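So in this note's numbering the end of the sequence shown lands on 533, straight run, no missing numbers.
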Amino acid sequence: MTIDAVGVTKSFGRRRAVDGVTVSFPAGAVTALLGLNGAGKTTLLRILGGLTRPDTGTVTVCGTPAGADPLLSGFHLGPAAMNPGHTVHRHLRWLAALSGIGDARIDEVLAETGLNDHRAQRIAGLSLGLRQRVAVAGTLLADPPTVLFDEPLNGLDVPGIVWFRSLVRELADRGRTVVVATHLLGEVALTADHIVLLRDGRVHATGDLGQLTPAGADTREWLESTLLECA
């Protein structure tokens, strides 16, 4: 259930956002996708999820071309992708209908994400943190083997961050491939098993976080200094 990218490039006009990326995202692990602003994180994440087509190269999800089977990947689109006039339950029913998912699974996801008490509320009336939870719920609806999150902690309060940390750990422990693009290095140090660090659209470093961190070094401080090398 890995995600494998081989020779992936993507340009927008004259700017190459992703430049010859070859990398694998292992199953049963949380991989943090890191990089400075403009390093290509969001573009690569969208390519991995089948939402953006690369100019060259291939991406396979569980051996299938990315995007060929939407049930293989859950992609966190964020709060901006929701209709503010819909209730939480209506939004999830709309997403479920696209994939033939029944009401029972909607109820399970509402419970998993702590949204049961908010199911009848309109999205426009929710805090940013609760809207993030709704976006996460949508990501999990199909119970996909791979899940990709783009800055999912934005707007979450401390209990929400702790909840998300526990959620991704549980997903990985169940064998899922979890990819999280984030700039919060403290969370990476606490949660990630594996990192992929991009610099100017290329892979600057990748591997097991514990093995990459020098002996005796603080993981967060090492990540910070490594990112600064990319400036």
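Glycine included, C-beta positions come from ideal geometry on N, C-alpha and C. Predicted, not measured: the structure shown is a model, and the values here were computed from it.
How long is the line joining the alpha carbons of L529 and V390, rounded to whole angstroms? About 38 Å.
So which of G416, P446 and I497 has the shortest CA-CA distance to P461? Nearest C-alpha to P461: G416.
If we ignore side chains and look at the alpha-carbon of each, how far apart do A331 and D475 end up? Put simply, the backbone Cα of A331 is about 7 Å away from that of D475.
Going straight from the alpha carbon of G337 to that of R467, what length do you get? Approximately 20 Å between the Cα atoms of the pair.
If you reduce the DSSP assignment to three classes, tell me which class R424 lands in. In the structure shown, the three-state DSSP call for R424 is strand.
Does H496 come out as helix, strand or coil in the three-state DSSP assignment? Per DSSP, reduced to three states, the secondary structure at H496 is strand.
So, with DSSP's three-state summary, where would you put P372? It is helical.
Please check the pair L346 and V320, which I expect to be a contact at CB under 8 Å, by giving their CB distance rounded to whole angstroms. Indeed they touch by this definition, with Cβ atoms about 5 Å apart.
Whole-angstrom C-beta distance between P447 and L400, which should lie under 8 Å: With 8 Å as the limit, L400 and P447 do not qualify as a contact, their Cβ atoms being about 18 Å apart.
For the pair the segment 354 to 362 and the segment 515 to 532, tell me if three or more CB-CB distances fall below 8 Å. Flag = no, the segment 354 to 362 and the segment 515 to 532 do not touch.
CA-CA distance, S326 and D510? When rounded, the separation of the alpha-carbon atoms in S326 and D510 is 12 Å.
Contacting residues, own chain, Cβ-Cβ under 6 Å from D306 (five flanking each side not counted): Within the same chain, Cβ atoms closer than 6 Å to the Cβ of D306 are found at S326 and T362, the five residues on either side in sequence being excluded.
Euclidean distance between Cα positions of L492 and D452: C-alpha separation (whole angstroms): 18 Å.
By the three-class DSSP mapping on this structure, what secondary structure does L379 have? In this structure, L379 counts as coil in the three-state DSSP scheme.
Is it true that the segment 501 to 515 meets the segment 477 to 489, where meeting means three or more beta-carbon pairs spaced less than 8 Å apart? Counting Cβ pairs under 8 Å, fewer than three are found: no touch.
Quickly, what does DSSP pair S527 with across the bridge? List them, please. Beta-bridge pairing links S527 to no other residue.
DSSP state of L417, grouped into three classes? Taken through DSSP and simplified to helix, strand or coil, L417 comes out as coil.
To which residues of the same chain is I349 closer than 8 Å at the C-beta, ignoring the five residues directly before and after it? Same-chain partners within the cutoff: A307, V310, K312, V320, R355, P356, V361 and A368.
Comparing alpha-carbon positions, which option in A519, A444 and D520 lies nearest H378? Cα-wise, what sits closest to H378 is A444.
Between P372 and I425, how many whole angstroms is the CB-CB distance? I'm expecting something under 8 Å. About 22 Å separates the two Cβ atoms, so there is no contact after all.
For D405, name the three-state secondary structure that DSSP assigns. In the three-state scheme derived from DSSP, where H, G and I count as helix and E and B as strand, D405 is classed as helix.
Helix, strand or coil: which one does DSSP assign to T389? Looking at T389 - three-state DSSP - the assignment turns out to be strand.
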